[in-house]
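Scroll down for the structure; my scribbles are underneath it.
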Amino acid sequence: MVQNPTINVMRGILVDDEWTKMARDIASFCIEKYKLELPDINFHIIGAEDLYSISATGGWNVSPQHWSLGEQYWISKQQHELGLGQLYEIVVPSEDTKKDLGYHPVDAYVYDASQDYAKRLVIAHVYGHAHMFEVNPIERKFRPDYPQGYLAYAKKRLEELEQQVGEDGVERIMDISESLFTLVDWYHMEEVKPYEEEENVWEKMLETPAEKSRELKKELTERGDKKPLPEKRDYDVFKFIINNSTKVTEWEREIMEIMYNIKKRSYAGGLINIVHEGFSALINLRYALDANIPIGEVFDWLKMTYGIASQPKEVRMIGANPYWLGMNLFLDVIDRWDKGMYGLDWENLTDVEARKEFDKKINKGWEKVIEITKVDDDYSFIDNYFTEDFFKHKASHLLVYQGDKPDEGEKEEDTYMIVSKMYKDVKNALLFNKFNNGLPRIFIPKNGGDYDGLGHLMLVQDFSRYDKLDILQEELTLDLKDTYKTMMDALYPVWGKPVHLITTTNEGQKIMLSTLDGIKVKITPFGSK
Amino acid sequence: MIIDPVGSSKKKYRKRIQDAKKKAIGEVKYYQLGGLKRGQPIIVTIPIIHIPHIEYGPWAPGVASGPGEEGDPLYPGHGDDEDESHEGGKGEGDAIYEEMAMKDLINYLKDELELEMIKPGKRKKKERTIYPAYSPRGPDSLFDLDETIDAMMERHIVQTKMYKRLENELMKNIEDVDIKIVSENYSQKDLETLKDEKDVLESRLSRIRKDLTDIEFEKGQKLKIKIDDDDLRYKTSKIIWKEEKDAILINFRDLSGSITKEDLEASWTVSKLTDIWLKDAYKDSQVDVAYVPHNDWAWEETEEGYYKLMPNGGTSFTPAYEIVHDMIKGNDYPRNTQVKRNINPEETDIYIVQYSDGGNWDTDAALDSIERLLPHVTRFCYLETSFGDWKSEYYNKLKERFSDKINDGSVRLYRMQKQEQTWDALKTFFGKRGG
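Protein chains in written order, with the working numbering: chain A, 882 to 1410; chain B, 100 to 534.
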């Protein structure tokens, strides 16, 4: 933490003195009042057009050129112009030039809104983000040392490769990386439970004649000498392919490595989204109420941002709004820890009236909030603080839905049914969407990179740990159409040899999907139910 | 400060959407944004590339909020009733609005309206002279000093190398002769021939060394310029011919009291679209636009003034046609613009688009005037706007009089009865004939 953070507000290449003073005042207010730990911050006040660009790259000033940026730019431009989503700010870690001193400066891009009070409140919001970048373990873990430098290098290198091998070739590999980047290991989870080999080789030996068994023995000992690939189960499938594929050329490997590094950083944000946005929204709200801003302006601001930080009751909204959920959970935590509503005293209290009037007046709410920002990620935040009381009072309009296989000519959305409005199910569904970033956990088992000794790639879907969330194996069925396409169009071209994936049907039967030629996918039942 | 981080990605996105079918991975899907624009509910459709991922299927639980009880469908009225689902059951608006770029518009005109590709007329006009190459001979006026010095230096470098090699060879030969002389294996007579041989070699060596000092560049010394006749370089010229004609689009606008706001709006739309379509066809040449409003008399107006004029007065078409005659002949004519136009039909394709409600009192004179005009004009388009019940005689008379020209496509008529028929009008004017 920096004792006196250096804060500058830039407009173009010039420092805006008036706003710099304003931002420093707000910073000292926040540090004093909310105990924020702020790093050095460079604010950049920019126009709408620049904001669309910077949001398309995820906040980076330079980025390798890919069509997906153009697409994202177009979408945010349209959204902004239609008034569907007003972007106000974007905050990213900056170049870590003072790493040895433990400094982690951040860059913040702030929309040049017409009202000054809006900008002031956005600056307070940015301090919430900056605090999170500074103290949260997940943010610190995935923070690259020289992000801008690496991206500038990546951009230049990819442009060089485009010159050498053509734009189409580079784009193809980037698209494939875009498809495979979900197959990374977010938790560095190693052997949770050893993979059970279903096939019993000794049984095979008994059935075969003596000569054949000797051969098989010999083969087994030979195979035993060879180092298995990978040596233990590996959840970082994309990285494994980059390192071990015999098909890809050197430049293809280079592009995939660059994409792996960039994507892993940018999508790690999904693990900490709710705490991040919730805390910033909270700082924003507190600042609007605590600082002496005229009530009319505060009201105007709240009206403006209501759409962003709300979870409507009357209209259908898919997904939990991270701003709304995070902020309300924090408010609930403040309320409980201010009144001392935790521990055995509270748990053992069964009388409704007594629970309502319970107040130990210990005022530890804000301390607890700061503690949460220092230890929790989304999963543990929801797991620990999404209580039944909170659900009953604030979040009872959340519900859980599930779909089914759509009939022909039917959209997938049409099959969605509301399955539950119970506390436990809602909490489990929220946790499920946060576990492993809401993505299926795929791993390569021991020696899965040389399956059958022929260099086939074996992937296995991991169903363990979902029982804790009351989610059955058949509910974890993959989207088959997209899975086939990923196997045929992305995995097979880079592995160059047949690819297998063990997964489940929605009846709970384990199946093996195999593509032998990259043109079609074969389904075979695998093992017992 | 931000230096456009998206950059060429915008272009790449557009190209990726266009070539999506050729690519090995990904497919085009459409992302819909519903919202309000100028108080109207709209849905903007944005094409996106869907890259497949290994993801959970629909059976995985998801979180949502909103009304409904357990067992209800998430989107009520969706899928149950087909008619309803077509009208967008998500509670969003029903108007569809698409942002179009100029290129999309031209593609739309080309692919959807199936307009005929215009082939600009042929001519041969000297456009400019370029000097693509150099020759060792030529007139003094085309002499190029830079190239000459380059040639000289090149020659010097080659010659130096050659002379050095010769020098080495000669020195080696002299050494050989010296060895022979010293070896004492030869008779007196042979020795003399050897000495003569050495003299010849030495004289050649000294000559070469003298030449070398003339031409050799040495480090730190000034450049020795010694230009031979062989080094002289002259530019050779080449004339570029421009083969396509230019084009001019002449808009006639009826200013009579009977013209309504709707008529004007229709004429504006068709005029702009025609302009875009012509500019796309005449890519390598100029497309100019002239504006001629008329009531009882006619004059050329600036673009700005043209659409601001308030309708009043009677109608006569003849003065407007006469203005085109004057432009072709080079006579002066009434105008509000600064420059008098002088159109040469040999070098310029003339497109005339006339907007009118058809009310006119000198029909016969007007028809005669058109008949005289038609040989010079590439295409004559007549757009009659009759949003009311009233139908003019002028349209029918044009149809009668120029039936043969209508058949070959150089005269095109369209009667517009609804404002939505703008595209049809454009299709009639620039679409394919027959079929």
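Cβ atoms here follow ideal geometry from the backbone N, Cα and C, with glycine treated the same way.
Suppose the cutoff is 6 Å on Cβ atoms and the five residues either side in sequence are ignored; what does the same chain contact list for B/Pro219 look like? Glu343, Lys344, Tyr381
Could you tell me how far apart the beta carbons of A/Asp1066 and A/Tyr1148 are, in whole angstroms, since I believe they sit closer than 8 Å? With 8 Å as the limit, A/Asp1066 and A/Tyr1148 do not qualify as a contact, their Cβ atoms being about 12 Å apart.
For the candidate residues A/His947, A/Gln1354, A/Lys1099, A/Ile1164, whose alpha-carbon lies nearest to that of A/Lys916? A/Ile1164
A/Glu970 (DSSP reduced to helix, strand or coil): strand
If you reduce the DSSP assignment to three classes, tell me which class B/Asn350 lands in. Strand.
Check A/His1157 in the structure and name its three-state DSSP category. helix
Would you list the one or two residues that DSSP bridges to B/Phe242? B/Tyr333
Chain-order list of residues whose beta-carbon lies under 6 Å from that of B/Glu181 (same chain, five-residue window excluded): The predicted model places B/Glu181 with a pLDDT of 40, which falls under 50 and marks its position as unreliable, so this point remains unresolved.
Run down chain A in chain order and give the residues with a C-beta less than 9 Å from the C-beta of B/Ala163. Arg1197, Met1198, Ile1199, Gly1200, Ala1201, Leu1279, Leu1280, Val1281, Tyr1282, Tyr1297, Ile1299
Sort out for me which residues DSSP pairs A/Asp1182 with in a bridge. It is Trp, not Asp, that sits at residue 1182 of chain A in the sequence shown. In DSSP, A/Trp1182 forms no bridge with anything.
What residues of chain A sit near B/Asp171, judged by a beta carbon separation below 8 Å? Met1298, Ile1299
Answer with yes or no whether the minimum CB distance from A/Thr1063 to chain B is below 8 Å. yes
What does DSSP give as the partner residue(s) for A/Lys1403 in the beta ladder? DSSP, once it has assigned bridges, lists A/Ser1395 as partnering A/Lys1403.
Got a sec, what are the start and stop residues for the alpha helix (DSSP H) A/Met1298 sits in? Taken as a continuous stretch (DSSP letters only), A/Met1298 belongs to no alpha helix (DSSP H), being part of the beta strand (DSSP E) at 1298-1301.
Between the segment 1134-1165 of chain A and chain B, which residues of the former have CB atoms less than 7 Å from a CB of the latter, in chain order? none
How about A/Met1222 and A/Phe1211: are their beta carbons less than 8 Å apart? no
List the endpoints of the continuous alpha helix (DSSP H) containing A/Phe924. That residue, A/Phe924, is in no alpha helix (DSSP H); its beta strand (DSSP E) goes 922-927.
Given this structure, state the Cα-to-Cα distance separating A/Phe1412 from A/Asn1142, to the nearest angstrom. Look at the range of chain A in this structure, 882 to 1410, and you will see that residue 1412 of chain A is not part of it.
Given a threshold of 16 other Cβ atoms within 10 Å of its Cβ, counted over all protein chains shown, does B/Met216 qualify as buried or as exposed? exposed
Near A/Glu976, what residues of its chain come up, given a Cβ to Cβ distance below 8 Å and the 5 sequence neighbours on each side ignored? Pro986, Tyr1027, Pro1028, Gln1029, Gly1030
Please list, in chain order, all residues of the same chain as B/Lys567 whose beta carbon is under 7 Å from its beta carbon, the five residues on each side excluded. With chain B running from 100 to 534 in the structure shown, residue 567 of chain B is simply not present.
My parser needs the alpha helix (DSSP H) runs of 4 or more residues fully inside the segment 404-473 of chain B; what are they? 417-428, 462-472
Helix, strand or coil at A/Glu899 according to DSSP, with G and I counted as helix: helix
For A/Arg1053, which residues in chain B fall below 9 Å Cβ to Cβ? Lys122, Ala123, Ile124
By DSSP, does B/Arg511 sit in helix, in strand, or in coil? strand
For A/Pro1075, name the three-state secondary structure that DSSP assigns. Unreliable positioning characterises A/Pro1075 in this predicted model, as indicated by a pLDDT of 44, which lies under 50. A coordinate reading is not provided.
For the alpha helix (DSSP H) holding A/Phe1272, just list the boundary residues, first then last. Counting along the chain, the alpha helix (DSSP H) containing A/Phe1272 begins and ends at 1269-1274.
Given B/Glu226 as reference, the closest of B/Ala119, B/Ser502, B/Val162, B/Asp383 once Cα atoms are compared: Ranking B/Ala119, B/Ser502, B/Val162, B/Asp383 by Cα distance to B/Glu226 puts B/Asp383 first.
Relative to the C-alpha of A/Ile1392, which candidate in A/Met1339, A/Ala1371, A/Tyr1187 has its C-alpha closest? Cα-wise, what sits closest to A/Ile1392 is A/Met1339.
In this structure, what does DSSP give as the bridge partners for B/Cys480? B/Val452, B/Arg511
Contacts of B/Lys128 in chain A (Cβ-Cβ under 7 Å): Here the premise fails: no neighbours, minimum Cβ distance about 11 Å.
C-alpha gap between A/Lys1144 and A/Lys1315, whole angstroms: 18 Å
Looking only at its own chain, which residues have a Cβ that is under 6 Å from the Cβ of B/Gly190, when we skip the five neighbours before and after it? With a pLDDT of 37 at B/Gly190, under the threshold of 50, the modelled position of this residue cannot be trusted; read the value that follows with caution. So the list is empty, once near-sequence residues are dropped.
Report the neighbours of A/His1274 on chain B: residues whose CB is nearer than 7 Å to its CB, in chain order. Here the premise fails: no neighbours, minimum Cβ distance about 15 Å.
Give the range of the alpha helix (DSSP H) segment to which B/Ser305 is assigned. 287-314
Which listed residue (B/Ile375, B/Lys428, B/Ala365, B/Ile427) has its alpha carbon closest to that of B/Tyr406: B/Ala365
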